[in-house]
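Enquirer: Please see the structure below; I have some questions.
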Amino acid sequence: RSVGAVLSQLQDGQEKVIAYFSKCLSRAERNYCATRRELLSVVMAVKHFRSYGLECGLVTVRSDHASLQWLKSFRELDGQLARWMEILAPYNLKVVHRPGKVHQNADGISRRPCAEF
Numbered sequence: 001r002s003v004g005a006v007l008s009q010l011q012d013g014q015e016k017v018i019a020y021f022s023k024c025l026s027r028a029e030r031n032y033c034a035t036r037r038e039l040l041s042v043v044m045a046v047k048h049f050r051s052y053g054l055e056c057g058l059v060t061v062r063s064d065h066a067s068l069q070w071l072k073s074f075r076e077l078d079g080q081l082a083r084w085m086e087i088l089a090p091y092n093l094k095v096v097h098r099p100g101k102v103h104q105n106a107d108g109i110s111r112r113p114c115a116e117f
């Protein structure tokens with residue numbers, strides 16, 4: 001029903017939170033397959049956090065959805081996926097799978113009922 005993201009950076013070997021992002025999905029977006037919803041959450045998060053200078057260096061995207069690791073490997077995209085990849089193109093993104101058990105910060109934000117925001 002919603003997506004969540006956490007912008008953080010490593011300081012002295014520890015991950016420090018800079019900002020949080022969450023958004024309720026529209027009815028149409030809720031009908032996307034899991035992989036498309038995960039990619040949409042990356043696009044939304046990058047758009048939201050772009051004012052933090054994400055284009056200046058490597059951005060590690062940690063997702064509990066392992067299939068997002070194919071992100072840069074698709075070559076012939078069309079429609080919506082092509083538009084999303086065009087939005088992500090200026091950024092040096094590295095996608096890393098982080099199992100849900102250790103992904104509580106962003107996962108918790110995305111699981112709160114939208115009415116509570």
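With the UniProt record's numbering, the residue at position 82 of the sequence shown is 82, and numbering never jumps. Note that the Cβ used here is the ideal one computed from N, Cα and C, for glycine as well.
#1: Please report how far the alpha carbon of Trp-70 lies from the alpha carbon of Met-44, in whole angstroms.
#2: Which runs of the alpha helix (DSSP H) fall wholly inside the UniProt domain "Reverse transcriptase RNase H-like" (3–91) and span at least 4 residues, in chain order?
#3: Do Ser-41 and Val-17 come within 7 Å of each other at the CB atom, strictly closer than that value?
#4: Alpha carbon to alpha carbon, how far is Leu-88 from Val-46? Give it in angstroms, no decimals.
#5: May I have the straight-line CA-CA distance separating Val-61 from Leu-68, to the nearest angstrom?
#6: Using the C-alpha atoms, what's the distance from Gly-13 back to Phe-79?
#7: Among the residues of its own chain, which have a CB less than 6 Å from the CB of Ala-66, if the five just before and after it don't count?
#8: Report the rounded CA-to-CA distance for Cys-24 versus Arg-50, giving the unit in angstroms.
Expert: This is what the structure holds:
#1: 18 Å
#2: 27–30, 34–49 and 79–88
#3: no
#4: 8 Å
#5: 9 Å
#6: The question names Phe, but residue 79 in the sequence shown is Gly. Approximately 40 Å between the Cα atoms of the pair.
#7: His-97
#8: 19 Å
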